[in-house]
Every structure is written in C-alpha cells, then in structure tokens.
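Novice: Residue numbers (the numbering used here), protein chains in the order written: chain A, 468 to 860; chain B, 468 to 860; chain C, 468 to 860; chain D, 468 to 860.
Even glycine gets a Cβ: it sits at the ideal position worked out from N, Cα and C.
Since this is a predicted model, take the numbers as computed values, not measurements.
First the structure, which I've put down as structure tokens, then a few questions once you've had a look.
4 protein chains.
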Amino acid sequence: MPVLRSVRERFAAQRPLAGVRVAVCLHVTAETANLVGALRAGGGEVALCAANPLSTQDEVAAALAGDEVEVHAVRGEDLAAYARHVAAVAAGEPQITVDDGADLITALHAGEPARRERLIGGTEETTTGLLRVRALEAQERLACPVLAVNESQIERAFNDRHGTGQSALDGIVRATGLLLAGQTLVLLGYGATGQGIAQRARGAGAAVVVCEVDPLRALAARMDGFEVMTALAAAERGDVFVTVTGSRDVLRAEHFERMRDGAVLANAGHFDVEIDLSGLRALAGDEGREVLPLVRQFDVAGRKLNLLAAGRVVNLAAGDGHAAAVMDLSFASQALAVEHLVEHAGTLEARVLPVPREVDEAIATLKLSALGVTIDALTAEQQRYLTSWNQRA
Amino acid sequence: MPVLRSVRERFAAQRPLAGVRVAVCLHVTAETANLVGALRAGGGEVALCAANPLSTQDEVAAALAGDEVEVHAVRGEDLAAYARHVAAVAAGEPQITVDDGADLITALHAGEPARRERLIGGTEETTTGLLRVRALEAQERLACPVLAVNESQIERAFNDRHGTGQSALDGIVRATGLLLAGQTLVLLGYGATGQGIAQRARGAGAAVVVCEVDPLRALAARMDGFEVMTALAAAERGDVFVTVTGSRDVLRAEHFERMRDGAVLANAGHFDVEIDLSGLRALAGDEGREVLPLVRQFDVAGRKLNLLAAGRVVNLAAGDGHAAAVMDLSFASQALAVEHLVEHAGTLEARVLPVPREVDEAIATLKLSALGVTIDALTAEQQRYLTSWNQRA
Amino acid sequence: MPVLRSVRERFAAQRPLAGVRVAVCLHVTAETANLVGALRAGGGEVALCAANPLSTQDEVAAALAGDEVEVHAVRGEDLAAYARHVAAVAAGEPQITVDDGADLITALHAGEPARRERLIGGTEETTTGLLRVRALEAQERLACPVLAVNESQIERAFNDRHGTGQSALDGIVRATGLLLAGQTLVLLGYGATGQGIAQRARGAGAAVVVCEVDPLRALAARMDGFEVMTALAAAERGDVFVTVTGSRDVLRAEHFERMRDGAVLANAGHFDVEIDLSGLRALAGDEGREVLPLVRQFDVAGRKLNLLAAGRVVNLAAGDGHAAAVMDLSFASQALAVEHLVEHAGTLEARVLPVPREVDEAIATLKLSALGVTIDALTAEQQRYLTSWNQRA
Amino acid sequence: MPVLRSVRERFAAQRPLAGVRVAVCLHVTAETANLVGALRAGGGEVALCAANPLSTQDEVAAALAGDEVEVHAVRGEDLAAYARHVAAVAAGEPQITVDDGADLITALHAGEPARRERLIGGTEETTTGLLRVRALEAQERLACPVLAVNESQIERAFNDRHGTGQSALDGIVRATGLLLAGQTLVLLGYGATGQGIAQRARGAGAAVVVCEVDPLRALAARMDGFEVMTALAAAERGDVFVTVTGSRDVLRAEHFERMRDGAVLANAGHFDVEIDLSGLRALAGDEGREVLPLVRQFDVAGRKLNLLAAGRVVNLAAGDGHAAAVMDLSFASQALAVEHLVEHAGTLEARVLPVPREVDEAIATLKLSALGVTIDALTAEQQRYLTSWNQRA
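Here you go:
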C-alpha cells in the first residue's frame, strides 16, 4: 500500500493529528492495521472496533493491542458482544469517527448528547452507511460533518471504474470459464462501474450492448460506440448479462422469458436485488441446480439460464474483490479525510460533505508518484493567465 | 439538424415563448436561421444581429427578414455599423438574449438601466463570452440569470469530446497527410477534448503520450492506459504535439529545443496562445517558411519543426470545424435554455447558471430518438426503491 | 520518403544494379522520381514511360530527362502517343521492368521474342496488373519471374490496413461532414483494409457491424468484438455502409430497399462495382441529385440514400489517397524487389512470385529506424535453441 | 462443446469413418470422451491410451470401456505400464492416429514395419509432438501424412490469440491481485498470443510496451499503437513482464538488474525456459521466498522481483488454462482432420501437412452457428465475377 505508506511518512513528520482521539470502526484486517498505523503516526489516539465481527482477524487485533491501540474486537463475537464493543469505543468520546457502515457514528448519535460534544467529524466508506447518516441529516439530528469518502472522485475512478470494472469480469470468467471473445455482453447500467466493465469487455473481444434508463448515460454509451437498446430487446441478444444500476429487478420475468439457452446472469451492483430471483424461481418452478460451485442453473421454457453467485455482487462473490491498489487509495483517502476534518475543526457544516478536491488531488499526486509518473506544474505566468481573463481578450 | 427540428415541432404545438421578445446575436448562417425558426415557432418575437460581421451570409439575413424577423446584419459591415446593429437590437428591450461572445448582453448592461428592466435572462455559447459575463457577475452588476450553454454536460460531450476530438485529428491529417499509425502523439491536456483526441488517436494506431498539470486528470490518463510524463520528457518522444489545455505557452522554447526533426505542432485549444510562437520564431531566427498551405516550417538547431495553422485551433483552421450533428445539439440546447428561462422567469438568481439537468436530459432523449435508439424507463416499483433507502437495509 | 532514401544511400554505396537496364512504367510524379533516383544510384540505366498519361507531371519528366534518364511521357498524350512511348521503352530491351498495371511487361510479351530475351524479371504494383500477368502465366507464356509487390506482407499492412484504413474514413468524413461517434457503420468485407477501417471506426465512437462471406473472416470479426450479420439484416441497421470486398454488387436492390433514411453508401474497394449503381438508379427512378460535391442523393421509397463519389474508391475520390508514408514503403519495396531480381537472375521460376520475406524484413527494419524504434536481436544461444528442437525435450 | 456436438451429429448421419480403426492417445478426460464419441458416431473403431498418465480420469476411462471402446489407461500408471498401454494400442494396427505429443505415432514408427502398413495418417495437437514428427520427416522415415492440427488457422486464432490471450492475463491477476489499469505491461513477443494479450491489457487500462526480434512483428506492434523498444530499455520501464516468444532466456541477468522494485515476471510461452531462472537465482544469491502461493520473490540489488509460477506457462499454472470454447474447436478440428485423412486416403504425401482450409472453414461455420451468427453467401454472379478477371478490365 504505497500511497498509505507515503501518507504515514508525512504524518510522522508533521503530526497533524497530535492528541486527537480517533475512533475507527472497520473490518479488522491487515489493511486496517495499516490505516491505524498511519493515524497513530500522525499523533492520533486510536480506538478500534470491528465493522463486522466475521471479518475480524484476531492476530491483527492482538498485534494492534500490543501496539498500544485500544482494540474492541473478537472474531465471531455475537451481536450483543459486538454492540458492547461499539459502545465501548463510543464511550471514549472520540473526536473523529472512521466508519464502514455508520455503526459507530449512529451509536454516538443514539447515546447521550454529552458523548458527541467533542465530536469534530466523521468519515464514511460505504453507500449503506451514507444512507444512514443522510437519514440523520434529513431529520436535522446530525451533530458533525461527515465526509463521504466513497463518493470522492478518486474512489469513483479507482473503486468503481477500474477496481470493480476489472474484478467483475474476473469473477464472471472464474465462475464460468467463459471465453469473453465472441460473446455478446449485455451491460445494464453505464455509470462509472459499467463504463469500466464495458471498456474491458470490449478489449477482451466481447460485443457490448448497453441498457440504461438515464438518457445522458445512454447517449454517452452510444457515442462511445456501444449498441444501446431496451433490456427487453437485449434479452434476446445477450450471452452474458451484467447488472450494475443500483436499482432492483433490472432483470425480471419478462427478460428471462426472452433469453437464449445458456445465458449467464451476473450482478455487479452493491445489493443482490438487481436480478429478480423470486421471479426466476417462479418461472423455472424450482430452485435450480448447482452446475458449478458458483453457478446455479434454471430451466426457463426449455432454455438454461445460469445465475452466478446467487445474484450477489460478482466481483466479491466469485472474484478476489478489490485489488490492493484500490484499498490503498481508499484508506489513504480516509487518512487525509481525517486530517482535513481536524484541520478545519469547527468550520465545516454538520452535513454529509464531499471529500474536498485538495484531498483527491493529494491522493492522485501520491499515486502518480507510486507509479513512477512525473507531471508538469503551471509556470507563474500560466497561473497569472488562468486567473486573469483580461489577458485573453 | 434533427434534434432542433424536434424542438421546433414541439414549440409549434405548445408555444412556450408566446409573445416573448428574444434577441439573438449569433453568426448569421443557415444553422442560426434554423434556431430562429424554432424560437419563432414557439411564439417568440425574434430580433437578430451578427456575432461577427465576417460570418454573415447575406442571403440568410434576407430570407429571415422576408420572414418577419427583425434583422440587423450585413456581411463585412465595419465596426461602427456592427456596434449600431447590436445597439439597435438592444434598443428593442429584449426579454431574452442569446449570445455568442456576450456582445449583446454586455451592450445591454453598458446602456441605460431601463433597457434591461424587462430582461428575463440570457444564454451564452462561448468560453470568452462567459468570461465577460462572469466579470459582470463578480462586480455584482449582472442583472439577470445567464445560462452557460457551452458548459452543459451535453456540450462537453458532443462539442469537446466527440466534435473536437474528431475534427482536430482530421485537421492535422488534412494539413500534413500524415499516417497516424506508428506515430507518437503527445497530447498536452486531458480534459474532455483531450480524452476524445486520445481515444481516436489510439484507434488510428498512434501511441499516445499525455502531459497534464492536474494530478487527477494525469492519473485518469494513466489508468486509461496512456503514458504520462512531463512535457520536457515528451518533447523528445513525440512526432505530433497537440495542445488543448486552455493555458498559454504550453509548448515553448525549452520544448522546441528538444524536439525531433520533423515534429508537427498543432493547437486544439480555443486561443492561439498555447504554442509560444514568438519563442519559436526567436529560436529559429526567422518567420519560417510555408511548406504546405497550412504548414509553416521552422529550423531549430538543424531540426525542422512544422507548425500547423499558425497555432490557431486546428479543427477550425485546417479541418471542417464542428460537424452538423454538434451544431444541432448546441442550437437545440440554446432553444431549450431559452424556454427554461421563460418558464422560470423571476425565480432564478442573477448569476451565471449551469444548464439544468432536465434540459440536458431532454436533448439526450431527442438525440437518441434521432439515432433510432430506444431506452428503458424505471418501473413504478424501481422509482419507489430508488427514493426510499429503507427498502435497502 | 525516409525509407526509400535509406535504400538509395545503400544503393549508392553498393551499386547492386550496375549496368542493368531497368524500364519503369509508373505515374510520372515526384515520388516516382525518387524511385528512379534510387535505381540510378544503384547503377541502373533507367528508361521511363507513364503508366497513365493523365498523371504525368511534365516538370518531373523534364527534370528526370535533364538528369540523363530516358523519359517517354507527356501529360495528356493521346492513346497512340501513349502506346508509342511504351513501345519505345520496350524497344530498349530492358532487363528489368517496373510496372503499375502491366502495360510494359505485356507490351514486351506481345512483341518479338528477341525483345524479351535479356529479360531478368519484373515487378508489379497493382491488382489489375497482376491479373494480366497471371493470365500470361496461365497460358504458359510468361517469360520471366514477376514479383507481386502489392501482395507483400508490408504492403498489405501499410497500404491496406493502415493506409486505406485511415484514408477511407477520412474520405467519408470529408464528403459528408459526419460525426462518426454514435453512428452504426456497416463494413462489408473484413480483409486487411476492412480490419483497419473497423479498428479506426470503433476508436472514433462508431458501432461497427461486419458482413462477410468467408466464415474464417466472419469469425475473426466476431472474436474481435464486432457484431456480424448478413447484409440484409445489416441494411436495416446501418447509418454508413462501406464496401471493401473485391466483389461486385455487394450492396444491391434488396439492401437499398431496407435502408434507413439518410444512409450513406461508400466503396473502399479497388473497383466501382461493389455498389450496384444501376440497381440504385432503377429503384430511385432517376439519376439522383448532387447535394454536396461528392454526395449524390437517391430517393428510394421515400427514404434518402446518399452515394459517395459515384461508388468509386472513397479514399482516393473523396480523400487524399495514400499517405506519403505508404508510398514510401511501396516504392522502397519496388527498389528492393528489383535488387532481388538482379541478385537472383536466372534462378527464379518464370511465374508470379511473392516478394521474399527478406525484402519485407529489410523494409520493416528501415521503417522502424525511420520511426526511431530499436529492437532486439537473437543471441547466439537463442539462435541455436530455435534451430535445434532437441534442446527443448 | 457445441461445435464438436454438431460434428458428431453429422458423423452419425454420414458415417465417414465406417470401419476405420482410429487410435487415440490423448489426456483421458471428459472432453476426450466427447471426441471419441464423435469418432465412433462416424463409424470409427476407437482404441484409446493416455497421453499422460497423471491426467487420466479413471471414471471417464471406465465409462468409455463400458461403451465398447478399447481403453488402455489407468491414472497414475508407472512409465512401464504407460509404455505397455501405448504399445497395446499400436499393436492394433490402427489406420489413423490422434496424438498429443506424438507418443503413439513414434511408437508405430519405432516398431516393426508391418505395424504401419495400413496407416492412412495421423493428427498431432502439440508443438512438441510436431517437432518429433518433423524429425522423422527430416530423416525421411515418416510413413504417412500427419496433419498439424495445432498450427491450423482456427487454432492460432482461438487457442493463441483469444484463449491464451485471456487466460494469461487471468493467471497473472489471480496470482498477484494486481489492478492492471495504470501498470506498464512489457510484452516480449508479438505473435498471435502476444497480440491477444496486448489487446486485452490495453482494454484493461495497462500501457503496453512490446519487445520483438522480428522486424515485421515489431513494426506491426508499432502500427497498432504500442510502444516498441529493446528488452534492455523496457526492463527499466515495466511493472509486469510477460514472455511469449518460443525462445529461451528472453529475460535474463542484464534485464533483471535494471528492473524496478516490485516488478512481476510471468511466462506465457509453452516452455519454462523464457525467463532465465538460474540467472535470477544467481543474481539474488538464493532461491527466493514464496510470498503468495504462486509468487516467489527474489531480491536483486535491493529491489524485489516477483516470479510467477516458477516461470511455467502462467495461464495453465496460475489460471484455468484453456476455456471450454477453445477445447471445443481443437477437438472438432481433430475430428474433421481425421475425416479428411480418411477421405483422401492414399493421395496425401507422407509429410507434416497443414490442416486444409476447408476444415478451418467448416469449423468456423459451425462455430458461427453456435454463436447464433448468420453470414452471407456469394451470389452466382459474384462467384463468376471473382473467378473471371476479364470482367474487371
């Protein structure tokens, strides 16, 4: 994780978090240990609990605890123990929260007001967590600014376009053994992830068809050279279908009924609602049968439809999920977001805020350096020119 | 211009501009006549003057005048006549202005306050015009909302990425006769236009190198698979250099000195300041010599550098400029922006405002229809799902 | 023409054609003058006549004549004069012929046998010329080896895939002003030229559909990610149709009848027979009307079909034809083919022969050098390994 | 395996192998059972032994034996048993051999001449096997024609360009977890497999650099838009190195010494000789250490180099190897090659022969049909045109 390592080195030199109590509620893994290390190098006093008891790696927890971090996490702890651990961290009256699902910050908001008096702000990594924080905001109960790390420009590019763009196709190939060349891949959704999948599928020799409900995205897909049509029309054309819309029932009975024998159905969206499983089961009249470890086959009117990973997000369920390079940028963004909150303590609105552009730029600069890429800087004269329109007249 | 034709047909049926005085200051060409036709079909009372006296097509002016449009434009009119014509249109106390360079709206702001009392709003098509309007806004003198048509999402995509992306390369090939395959094309600037050029140059078999000052754009280029380096390093590598940054002196003496024999220099940015011509002349010690109609060759330390179109924007100077398909969307956007201003008269802030997303969506929908593309719509259930986060928990 | 220049320099040093009488029948242009210069540098005694009287540039002819070349060519000469000129060159009893259409070598074969007694061999640059030479071969009348320069690997790549690939699309855009992005381009024929057009059209944002009669090429197109279908099905889908098959009536009445309003028809094949013009005129009931200089519009059942350049090869008729880089390799190939014939005089069969791989390799090496590209060489150990299968066991 | 299934259905109807004794020496797997099924459907009397004792699936062997096929294969049999089994099949005096490594046909040639008296011909699937058969041919000892199935056009395209093109990158990503976007991938070798890898790596956002020793391939890579340089220069640039040349020591000490920290080394060529492992060990001074299951890390002058799969072919060693779609075409090619040998019994030379184009065409036609793609056929008039050059004059 070279970018996070750079952040840590600067933090160690500058100590921007000196004396700040940072509470972290993340999956307790080696990557999280690296983030905790960076926050501590910056002077933060870190307490840690698990965002999900099943993902806790006890050896990581032990190592951190031995390293003077307050750790409240045990692999496989039950829900009561999990809640106690979150509560214990909240009881420390943290100034900064780092969340993956918003359990910690919502716990602080559910508890006594005193607990959140010293709160400077928080960061959140997931779509689900942001939905919860935004609900607090809508009720005018949010007590501090929360930076939407997973909506930053760099996250959209790395996590979605490149990270999931690569790993979703990987997952499909690993589950099925398909040769992508020669296949017609129907992509439902042309957001950042969809664009990443489309580009890669084309590079792999697939003919890509895009379905969209947003006319701007549909037009963008068309101008990028992809065929665009309704899902009903595409249902008759596709060999592989990939949903990545954020919506539900994107593929449903009317589509299943039109699909060709052997069609493959995969979901690359966050939730497992994009393919209507109950509709599929109803059409098939049974639960299907497992033909490969991650492939369940349904008979629909004599044609075989192959559902991957039970409709769960295919890059995690059938592939390796996010590459280390993606996690590196996410966690480095978290660290710089924390620094930004501390630096601007008391001046930011108590709302869900975008990650500021300077954080994205700092991450991009560090990543370019990690890639060995050097870029230009504006000359003084260019800076003057760009800030003074009179010169152009 | 199928999209503008669709707008016109709806305008004729709905008359959204009935009785509104619309003053138009554009190049007086057949395309503008189409826009005027659409505005009039919508019920607008249109007056027209030329954004540039040299581009006036007298037969278009005559036809419009015969068609009950108030026209103040004569091809080749001198500056005094030009100013009188703009003033005459301003004197009509227009409610809506449509500008290409902001001459009309600044005339209204320079004149007596009474003239702009009935002003509902304006639209502006160019970067230069927006700079002028924003200067008014910065001085808190802007009297009405102005929609930045050339910054709309659809304009960025069509005009920049696709329109200029295609025509800049066309211009270079026409001026030089180069075979792009096998060339190293150095692209200075990776905004929408730069991205469009990069994609097309790669498709044509060129190896593309990107130079940037913005780390986010530099990283985007790198993740798109292009090599990224400083302009100094690229100077030694390139066969063809294309500037498209919006800045000045992007290529200058230090770069010219490193370039290979036969290098080609082209600018695809709006102004002719991106290649430092005086620096080039100073190095060469002369004005160069014309070796082809649009190619001027300079000797720099025994190597020949070929400057295209005197550093002016190469897609206009050496190619055909914008395709009709691009103009169609620009003018349809103007028409819908005018409708939006009228529909929201009195409710918009007196600032430079982005074109609202619904206008972009309407244009995209019409364009898809013109391309014969049909897309999906959200089901009622999907709409509910997408507006209610509770369903996702 | 850097590659031909390299050849000339080596020829000047090595004099491989010393004293050989070389007769050249090509378009009398500046490029041909360069080839003649290289042949003379190699020691050849060159006589020149025109392959086509219309293309003769008299000043080139004069300059060559002043340069001790025997020139028989006058711009616009009538057919009788043309024949006399070819005959005059043939009368010189050349040892080597260089043809573009086979007029010279067929003249030698039609004349007295004595004329071809000293003939070592010939080269031919065109498909048409090869058809004529192969007819001689089929009749067992061919008196010397003829190298098929236009079928060499390097010619297929440069001339077809890259040269025509680029210039055919250029020609279409120049004639029509189309924005390729968003268009469906139907490509009839997926040989080297078709592949080059497909790649570039995709890079420009077009959706490409391929039609083929050869199952291997059809499958290759499909595995490259393009949609493949019959021309009848494609007729309903395309915005732009490009024929490049070498066959006739590839687009005919049954296709015209299904095309959409506004469809564009272009031919990139050698002969103007690929689009059935008489069928188009019959359907339209007239000769169509010229709507742009190179665009003739036909009404077919209420839909407008736009024929480019009267169905003649669109890259020459509407574009700039071959880039100088392509001519450079063609003429350098001619020069090395001549050297090969001289070097192997008396040892080659009197047949149409492929250009030997070593000539292609020599051209590729010179071209890489002109591009500033350096490549690896096999080590002695690698050469041993590659020639001795026993080491691999 | 839809293509092989089509072949089987036709064979069942036409019985082209009726009464012919076919001896098969392949990996005894489910795919091979399908091939055997097709040969038997065609009327062949099939005997089977294993090309490799370790790959035998005993249940497949049992099922085939139960199906009246003569099977000589036991999983894990020792070398003596293996040889006995091959000999047993050879003793049956087969008329046709189907080999994967040439063990069967060389056994027939090593034995008594009587054994090969009735031999009609053989097919061979591997590079290694062909080397052995060609050695026989060079010694003028080859007794029958052998079709080089693995050199057919369809095999080059599917197996190499598309099959290995996809699976080599899959293997690298699975072994390392790398995000390809933003990486510089150095590809040593630009044959069919290299081209397939290059295209896919570009689609995945990698910057691709090509190294070649063949100037024609180097130039092709350059004209396809890839950077081309020597391996020494590339050594300093690459993040990921992939060898696919067929040669040895393509990456060796002089390259390792220049590589950047973290470089990844993978081989996609058939043999594990392309990366000089002993040179790598010598530089590092040790055997390296396993940092991930398929990644061995070597310290070279303070920089870490990561060798994948011990330099063995990465698509098999770290990925899933050939997709079923690739095996389908290979085995269908085998079946049609056998049919071709029988059909032309006694008329083919006793040499290694290319698979005839009609077999490739038949396979392509069946594959297109399996993909649901329909293509055009020449009209009678077009056929006349294409066979009669006189029409073109």
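1. What are the residues in the segment 614 to 629 of chain B lying within 7 Å of chain F by C-beta distance?
2. Using CA atoms only, rank isn't needed, just tell me which of C:R507, C:Q633, C:A550 and C:A518 is closest to A532 of chain C.
3. Using DSSP with H/G/I as helix, E/B as strand and the rest coil, what is H482 of chain D?
4. Could you tell me the distance, in whole angstroms, from the CA atom of M726 of chain D to the CA atom of A802 of chain D?
5. So, is the C-beta of F693 of chain A closer than 8 Å to a C-beta in chain C?
6. Which value, in whole angstroms, describes the spacing of the CA atoms of H552 of chain C and A517 of chain C?
7. Buried or exposed: which applies to T814 of chain A, given that a residue is buried once 16 or more other Cβ atoms fall within 10 Å of its Cβ?
8. Give me the Cα-Cα distance between G746 of chain C and G632 of chain C, rounded to the nearest whole angstrom.
9. With DSSP as the reference, please indicate the residues paired to T710 of chain C in a beta bridge.
10. Looking at L750 of chain D and V731 of chain D, is the spacing between their C-beta atoms short of 8 Å?
11. Excluding the 5 residues preceding and the 5 following A557 of chain B in the sequence, name in chain order all residues of the same chain whose CB lies nearer than 8 Å to its CB.
12. For G672 of chain B, which residues in chain D fall below 9 Å Cβ to Cβ?
13. Would you mind reading off the limits of the beta strand (DSSP E) that contains A821 of chain A?
14. When we look at the beta-carbon of E607 of chain A and count the other beta-carbons within 10 Å, is it buried (16 or more) or exposed?
15. So within the segment 470 to 523 of chain A, which uninterrupted beta strand (DSSP E) runs reach at least 3 residues, ignoring any that extend past its ends?
16. For the segment 643 to 660 of chain B, which residues have a CB atom closer than 7 Å to at least one CB atom of chain D, in sequence order?
17. Apply the 10 Å Cβ neighbour rule to E457 of chain C and answer buried if 16 or more other Cβ atoms are within range, or exposed otherwise.
18. Determine which residues share a DSSP beta bridge with V677 of chain A and list them.
19. In this structure, does DSSP put R715 of chain C in helix, strand or coil?
20. Note down, in chain order, each residue of its chain lying with its Cβ closer than 8 Å to the Cβ of A480 of chain A, except the 5 sequence neighbours on either side.
21. Nearest to M794 of chain A by CA position, among A:V840, A:D627, A:A530 and A:I563, is which residue?
22. Give the interface partners of P682 of chain B over in chain A, defined as CB-CB distance under 7 Å, in chain order.
23. Which residues in chain D sit within 9 Å of R727 of chain A, going by Cβ to Cβ distance?
24. Please compile the residues from chain A whose C-beta is within a distance smaller than 7 Å of the C-beta of V640 of chain D.
25. Given that a residue counts as buried once 16 or more other Cβ atoms are within 10 Å of its Cβ, and exposed if not, what is D843 of chain B?
26. Who are the near neighbours of T564 of chain A in its chain, counting only those whose CB is closer than 6 Å to its CB and skipping five residues on each side?
27. Interface residues of chain D around S920 of chain C at Cβ under 8 Å?
28. Using the C-alpha atoms, what's the distance from E806 of chain B back to Q562 of chain B?
29. DSSP state of E526 of chain B, grouped into three classes?
30. Would R669 of chain D pass as an interface residue toward chain B - the criterion being a Cβ-Cβ separation below 8 Å?
31. Taking 8 Å as the limit between beta carbons, can you name the residues of its chain near A497 of chain C, skipping five residues before and five after?
32. So L609 of chain C and L603 of chain C are in contact, right, with Cβ under 8 Å, and what is the actual spacing, rounded?
33. So Q764 of chain B is in the beta strand (DSSP E); what residue range does that whole segment cover?
34. Using a Cβ-Cβ cut-off of 8 Å, state whether A698 of chain A counts as contacting chain B.
35. Can you confirm whether Q481 of chain D, when its beta carbon is compared against all beta carbons of chain B, has any partner nearer than 8 Å?
36. Run the CB neighbour count on G769 of chain B, radius 10 Å, all protein chains shown included, and call it buried at 16 or more, exposed below.
Specialist: So, from the listed chains and residues:
1. Among the protein chains of the structure shown, namely A, B, C and D, there is no chain F.
2. Of the candidates C:R507, C:Q633, C:A550 and C:A518, C:R507 places its Cα closest to the Cα of A532 of chain C.
3. Here residue 482 of chain D turns out to be Arg, not His, going by the sequence shown. Per DSSP, reduced to three states, the secondary structure at R482 of chain D is coil, with no helix or strand assignment.
4. C-alpha separation (whole angstroms): 47 Å.
5. Yes - at least one Cβ of chain C is within 8 Å of the one on F693 of chain A.
6. Taking C-alpha positions only, H552 of chain C is separated from A517 of chain C by approximately 8 Å.
7. Around the beta carbon of T814 of chain A, a 10 Å sphere encloses fewer than 16 other beta carbons of the protein chains shown; the residue is thus reported as exposed.
8. Each residue's Cα considered, the two are about 27 Å apart.
9. DSSP output for T710 of chain C lists C:L655 and C:N734 as bridge partner(s).
10. With a cutoff of 8 Å on beta-carbon distance, V731 of chain D and L750 of chain D are scored as not near each other.
11. The residues are A490, L571, A574, L575, G578 and R582.
12. Per Cβ cutoff of 9 Å: R689, M690, D691 and G692.
13. In the sequence as displayed, the identity of residue 821 of chain A is Pro instead of Ala. P821 of chain A -> beta strand (DSSP E) spans V819 to P821.
14. E607 of chain A is exposed by the Cβ-count criterion.
15. Listed in chain order, they are 488 to 493 and 512 to 517.
16. Residues A648 and G649.
17. Outside the displayed range of chain C (468 to 860) lies residue 457 of chain C, so it cannot be described from this structure.
18. According to the DSSP secondary-structure assignment, V677 of chain A is paired through a beta bridge with A:L654 and A:V695.
19. It is coil, neither helix nor strand.
20. Excluding positions up to five away in sequence, the list is empty.
21. The shortest Cα separation from M794 of chain A among A:V840, A:D627, A:A530 and A:I563 belongs to A:D627.
22. Within chain A, the residues near P682 of chain B are E828, A831, T832, L835 and I842.
23. Below the 9 Å Cβ cutoff, chain D contributes G839 as neighbours of R727 of chain A, in chain order.
24. The contacting residues are D637.
25. Label assigned to D843 of chain B: buried.
26. Within the same chain, and ignoring the five residues on either side of T564 of chain A in sequence, the residues whose Cβ sits closer than 6 Å to its Cβ are A490, L571, I572 and G589.
27. Chain C is shown from 468 up to 860; residue 920 of chain C falls before or after that span and cannot be answered.
28. Distance between the alpha carbons of Q562 of chain B and E806 of chain B: 12 Å.
29. Of the three classes helix, strand and coil, the one that applies to E526 of chain B here is helix, per DSSP.
30. Yes, because at least one Cβ of chain B sits closer than 8 Å to the Cβ of R669 of chain D.
31. Exclusion of the five residues before and after A497 of chain C leaves Q524 and V527 as the residues of its chain whose Cβ lies within less than 8 Å of its Cβ.
32. The Cβ separation is near 4 Å, so the contact holds.
33. Start and end: V762 to V767.
34. For A698 of chain A, the answer is yes, since a Cβ of chain B falls inside 8 Å of its Cβ.
35. Interface residue (Cβ-Cβ distance to chain B less than 8 Å): Q481 of chain D is not classified as such.
36. The residue is exposed, with fewer than 16 neighbouring Cβ atoms inside 10 Å.
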